[in-house]
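Colleague: Starting off with a structure, shown below.
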Amino acid sequence: MHPNCRCWVEEVKLDDNGKPISSKLYKGQKPENKTDKNETQDMKMSDDGINMLKKLEGSVTKDDKHVIYDDKTGKPVDTNKTLPSGATIGYGHLIKQGENFRNGISEAKATELLRADIATAERAVRDNITVPLSQNQFDALTSLAYNIGAKNFADSTVVKYVNNPNFHSSTYPNLESAWKTWNKSGGHVMTGLSNRRDQEWNMFNN
């Protein structure tokens with residue numbers, strides 16, 4: 234009997250005259266179809282990761298409520314007037330057409346919005362990273378993808394280094410340099426982005 238197939242053998246008991254008096258079938262069992270599933274496919278950003286992201290994104294609150302602010306200036310806006318194009322609330326949630334947060338939102342709602350906003354970044358990590366990750370690595374990569382955008386993340390040297398320890402880039406000699414190069418806006422190095430990359434890198438390694 235082969236354990237890998239559906240073939241079978243029959244055990245037959247005979248009497249003294251050689252006539253069959255009972256029989257029993259032994260069937261082979263076909264193995265289950267198992268695929269090598271990347272454990273990363275089930276991962277989401279942890280509470281620790283969310284808390285780090287909250288600090289990195291920042292927020293504006295008044296009387297224990299998150300209020301609308303201008304993403305460019307970081308200052309609250311007059312909600313009785315037309316909102317600016319960069320009107321934001323909570324932890325970096327850009328207000329979309331049809332959303333009304335003029336009365337402010339709770340911390341729970343701000344967290345809910347952040348969780349929804351990072352879904353694209355989480356998916357970018359799951360879709361592009363092909364090796365197992367620890368939770369802190371996934372969180373750090375998600376923060377990076379959220380900040381630089383899913384497409385930039387997918388095309389980045391960071392992904393190549395994470396997926397292949399033997400990868401080498403003549404431009405960025407190691408993963409850290411590839412990671413921290415994402416610290417510019419308009420071609421200029423930004424202190425805020427440099428600090429953010431440092432914190433993400435520390436989380437990735439701890």
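Note that our numbering numbers the sequence shown so that position 69 is 302, with each residue one more than the last. Each residue gets a CB set at the ideal place from its N, CA and C atoms; glycine is no exception.
1. Please say whether Met436 and Glu355 have beta carbons closer to each other than 9 Å?
2. For Gln370, count neighbouring C-beta atoms within 10 Å of its own C-beta (all shown protein chains included) and say buried if the count is 16 or more, exposed if not.
3. Is Asn361 buried or exposed, if buried means 16 or more other CB atoms sit within 10 Å of its CB?
4. Provide the residue(s) that pair with Thr321 in DSSP beta bridges, ordered along the chain.
5. Where does the unbroken alpha helix (DSSP H) through Met285 begin, and where does it stop?
6. Thinking Leu347 and Gly319 are a contact (beta carbons under 8 Å), I'd like their distance in whole angstroms, please.
7. Within a Cβ cutoff of 7 Å, which residues of the same chain sit near Lys413, ignoring the five residues on either side of it in sequence?
8. Can you tell which of Gln330, Leu374, Gly307 has the C-alpha that lies nearest to the C-alpha of Asn396?
Modeller: Well, looking at it:
1. By 1-based counting over the sequence shown, the position of residue 355 is 122. By 1-based counting over the sequence shown, the position of residue 436 is 203. Their beta carbons are not under 9 Å apart, which means Glu355 does not touch Met436 by this criterion.
2. As a first step, residue 370 is located in the sequence shown; it is residue number 137 there, counting from the start. Burial call: buried.
3. By one-based count along the sequence shown, residue 361 stands at place 128. By the 16-neighbour rule on beta-carbons within 10 angstroms, Asn361 is buried.
4. Position 88 of the sequence shown, counted from the start, is the residue given in the question as residue 321. DSSP, once it has assigned bridges, lists Tyr302, Leu327 as partnering Thr321.
5. Locating residue 285 in the sequence shown gives position 52, where the first residue counts as 1. Met285: member of the alpha helix (DSSP H) spanning 280–290, first to last residue.
6. Walking along the sequence shown from the start, residue 347 turns up at place 114. Walking along the sequence shown from the start, residue 319 turns up at place 86. That pair is no contact at about 17 Å.
7. The count along the sequence shown starts at 1 and reaches residue 413 at position 180. Contacts found: Arg430, Trp434.
8. Here residue 396 is taken as the residue at index 163 of the sequence shown, counted from 1. Distances from the CA of Asn396 to each of Gln330, Leu374, Gly307 were compared; the closest alpha carbon is that of Leu374.
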